[in-house]
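> Going by the numbering used here, the first residue of the sequence shown is number 4, and it counts up by one from there.
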Amino acid sequence: MRPVVAIVGRPNVGKSTLFNRLIRQRKAVVDDRPGVTRDRVYGDCSWAGFDFILIDTGGFIPRSQEMIPSLVTQQAELAIDQADVVMLVLDSKVGVQTVDEEIASLLKKAHKKSIVVANKADSEKDIPNTTEFYNLGLGEVFPIASESGRQVGDMLDQLVGLLPENFEEDIPHDAINIAIIGRPNVGKSSLFNIIVGENRQIVSNIPGTTRDSVDSLVEIDGRKYNFIDTAGLRRKTHYADVIEYYSSLRSIKAIERADIVLVLIDTEDGVKMGDIKVAVEAEQMGRGIIFVANKWDLVKAVEQQTFVRELYEKAQTLRFVPVVFTSAITGRGIEKILPAVNHVSRETQKRIGTSELNSFIEEAYKERHPPARRGKFIKFYYVTQAESKPPTFIFFCNFPKSIEPSYERFLENKLRSTFGFDGVPLRFRFRSRGHS
């Protein structure tokens with residue numbers, strides 16, 4: 004499990020600019036207007052052989068009575084609570100502000116490892132302006148310029164030295180790691196309890212990657228299942244008003260460690276964008292996914308096919324995800340969950356031979372040619388599966404950069420109809436024949 008670094012600070016100090024530089028892509032929204040970044044944004048970061056998750060947060064505005072700033076602040080607090088190291092970003096042009104002092108106080112009370120970043124120090128003459136930041140009592144201050152990258156490397160050298168060491172978790176290699184994810188009050192803990200049941204043995208409680216994380220290794224019908232962070236399932240969040248709680252760092256950590264993600268939906272409440280968002284997070288991380296439509300016993304006059312159709316209409320890119328209908332209270336449909344987990348687990352590990360894939364691409368090419376670009380026709384030479392978990396396919400062709408997204412979607416749909424891959428994200432790579 005990779006450690007997590009959270010970037011926090013008041014609005015308009017350059018957090019998103021720094022985030023984009025560190026992950027080497029333009030993912031966070033950058034704007035001169037304060038408060039543009041509202042949701043947390045996650046990215047992968049590497050430095051000097053260390054890999055970690057970087058999280059960008061919205062501007063921290065303590066005690067705000069306005070709805071959006073208040074939610075942004077609570078999300079920043081949640082990031083601080085869950086992160087291993089916190090990067091406090093300040094504006095060297097304006098000096099210490101009251102909000103900076105309040106954030107520093109919060110970090111000290113939380114006993115968090117932290118690093119102070121004095122941003123917008125564009126030249127040597129700006130460095131004297133950063134000395135007052137030492138008064139915050141958080142240790143060494145690193146003057147940088149995230150826009151140009153000045154001194155960012157020195158700051159990262161210090162940062163990686165604060166990261167906790169990764170450790171090997173004592174989980175059997177043949178266990179399926181399952182994360183139960185969903186919005187508050189959809190029945191996550193009830194579902195876990197009824198899956199395990201009183202007559203089934205919890206083999207062990209395994210300390211997880213954070214001090215208060217506990218996994219539950221369960222053996223059911225001769226197979227081992229590791230339910231990730233079951234302590235988090237039982238714990239009520241004190242960030243009850245945070246709309247994006249379901250994609251909190253705790254959920255992201257659980258998804259990253261999982262093989263299969265159960266996305267719970269409160270069917271009585273209907274499909275919400277939060278349900279889709281957390282499933283998309285799992286898809287982007289390449290995890291197997293199952294929608295669990297919970298509380299179905301409370302839904303009246305709606306057929307399952309109708310619900311599934313409405314779900315897929317809201318989640319157009321997730322039509323490959325199977326749906327299991329359950330009631331964690333009555334136990335209805337619970338017996339279908341583990342067979343679905345086993346099936347999706349097998350699908351994540353499925354490998355297709357190159358000869359079969361070449362027959363597939365020939366049929367796909369006959370059915371629908373990729374559109375020509377600038378009078379040049381695209382020709383496929385061969386296809387191979389490079390890896391599984393998630394299944395990754397490399398298509399060798401003459402003009403790989405000319406493959407349009409619509410044709411890639413056609414290939415994915417065709418491949419799924421031919422080989423299955425239920426509940427499994429697929430990765431496609433297009434390369435020239437001479438590219439290895």
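C-beta: ideal position from N, C-alpha, C; glycine also.
For PHE363, which residues in the same chain have their Cβ closer than 6 Å to its Cβ, ignoring the five residues on either side in sequence?
THR421.
> Rounded to whole angstroms, what's the CA-CA distance from LYS339 to TYR385? Just pull it up for me.
Taking the straight line joining both Cα atoms gives about 39 Å.
> Rounded to the nearest angstrom, what separates GLU306 and LYS112 at their Cα positions?
Going from the Cα of GLU306 to the Cα of LYS112 covers about 52 Å.
> Tell me the rounded alpha-carbon separation between LEU162 and LEU141.
Between LEU162 and LEU141, the C-alpha separation is close to 13 Å.
> What residue does the alpha helix (DSSP H) around LYS112 start on, and which one ends it?
Looking at the DSSP string, the run of the alpha helix (DSSP H) that includes LYS112 is 101-112.
> Given VAL326, which residues of its chain have a CB within under 7 Å of its CB, disregarding the five upstream and five downstream residues?
The residues are PHE294, ALA296, VAL311 and LEU314.
> Is the CB-CB distance between VAL347 and ASP425 below 8 Å?
It is a contact, given that the beta carbons lie within the stated cut-off.
> Can you list, in chain order, the residues of its chain with a C-beta nearer than 8 Å to that of MET276? Leave out the 5 residues immediately preceding and following it.
Hits under 8 Å: LYS317.
> Use the C-beta contact count for LYS382: other C-beta atoms within 10 angstroms, 16 or more gives buried, fewer gives exposed.
Exposed: under 16 other Cβ atoms inside 10 Å.
> Note the first and the last residue of the continuous alpha helix (DSSP H) segment covering SER348.
Element bounds for SER348: 340-351.
> Quick check on this structure: which residue in SER117, MET158, GLN85 and GLU222 has the alpha carbon closest to the alpha carbon of TRP50?
Comparing Cα positions, the closest option is MET158.
> What does the alpha-carbon distance come out to for the pair GLY190 and VAL8?
The straight-line gap from Cα to Cα measures roughly 30 Å.
> Looking only at DSSP bridge pairs, what is ASN229 linked to?
Answer is ASN180 and LEU220, bridged to ASN229.
> Determine contact between the stretch 115-122 and the stretch 13-25, defined as no fewer than three beta-carbon pairs at a distance below 8 Å.
Contact holds: three or more Cβ-Cβ distances are below 8 Å.
> Taking its Cβ as the centre, do 16 or more other Cβ atoms sit within 10 Å of LEU301, making it buried, or is it exposed?
Exposed, by the Cβ-count rule.
> If you run the structure through DSSP and keep just helix, strand and coil, what is PRO374?
The answer is coil: DSSP assigns PRO374 none of H, G, I, E or B.
> Which residue marks the beginning of the beta strand (DSSP E) containing ASN297, and which one marks its end?
291-297 is the span of the beta strand (DSSP E), which, as asked, contains ASN297.
> Helix, strand or coil for VAL199 per DSSP?
Three-state result, VAL199: helix.
> Is the shortest distance between the beta-carbon of THR351 and the beta-carbons of chain B less than 8 Å?
The structure shown has no chain B; it contains just one protein chain.
> Just curious, the beta strand (DSSP E) that ARG312 is in, first and last residue?
Per DSSP, ARG312 belongs to no beta strand (DSSP E); it is in the alpha helix (DSSP H), 307-317.
> Between the alpha carbons of THR357 and ARG432, how many angstroms are there, rounded?
Their Cα atoms are separated by approximately 15 Å.
> What's the call for ALA375, buried or exposed, on a 16-neighbour Cβ count within 10 Å?
Under this definition ALA375 is an exposed residue.
> ASN15 by DSSP, collapsed to three states: which one?
In the structure shown, ASN15 sits in coil (DSSP, three-state: anything other than H, G, I, E or B).
> Pull up the distance between the alpha-carbon of PRO342 and that of VAL11, whole angstroms please.
Approximately 42 Å between the Cα atoms of the pair.
> Alpha carbon to alpha carbon, how far is ASP103 from ILE56? Give it in angstroms, no decimals.
About 24 Å.
> Spatial neighbours of GLU359 within its chain, please: CB distance less than 6 Å, with the 5 preceding and 5 following residues excluded, ordered by chain position.
No residues qualify anywhere along the chain.
> If you reduce the DSSP assignment to three classes, tell me which class LEU166 lands in.
LEU166: coil per DSSP, three-state reduction.
> Between GLU143 and GLN388, what straight-line distance do the alpha-carbon atoms span, to the nearest angstrom?
Going by the C-alpha atoms only, they are around 48 Å apart.
> Tell me the rounded alpha-carbon separation between GLU259 and VAL266.
In a straight line, the C-alpha of GLU259 is about 14 Å away from that of VAL266.
> Between LYS404 and the rest of its own chain, which residues show a CB-CB distance below 8 Å, the 5 nearest in sequence each way excluded?
Around LYS404: PHE433.
> What are the boundary residues of the alpha helix (DSSP H) that includes LYS417?
Here the alpha helix (DSSP H) through LYS417 covers 408-422.
> Using DSSP with H/G/I as helix, E/B as strand and the rest coil, what is PRO6?
Coil, per DSSP.
> How far does the beta strand (DSSP E) with GLN287 in it reach, from first residue to last?
From DSSP, GLN287 is part of no beta strand (DSSP E) but of the alpha helix (DSSP H) over 276-287.
> Counting C-beta neighbours from all protein chains within 10 Å, is the total for PHE323 16 or more, i.e. buried, or is it exposed?
Under this definition PHE323 is a buried residue.
> By the 10 Å Cβ neighbour count, where 16 or more other Cβ atoms means buried, how is SER126 classified, buried or exposed?
With fewer than 16 Cβ atoms within 10 Å of its Cβ, SER126 is classed as exposed.
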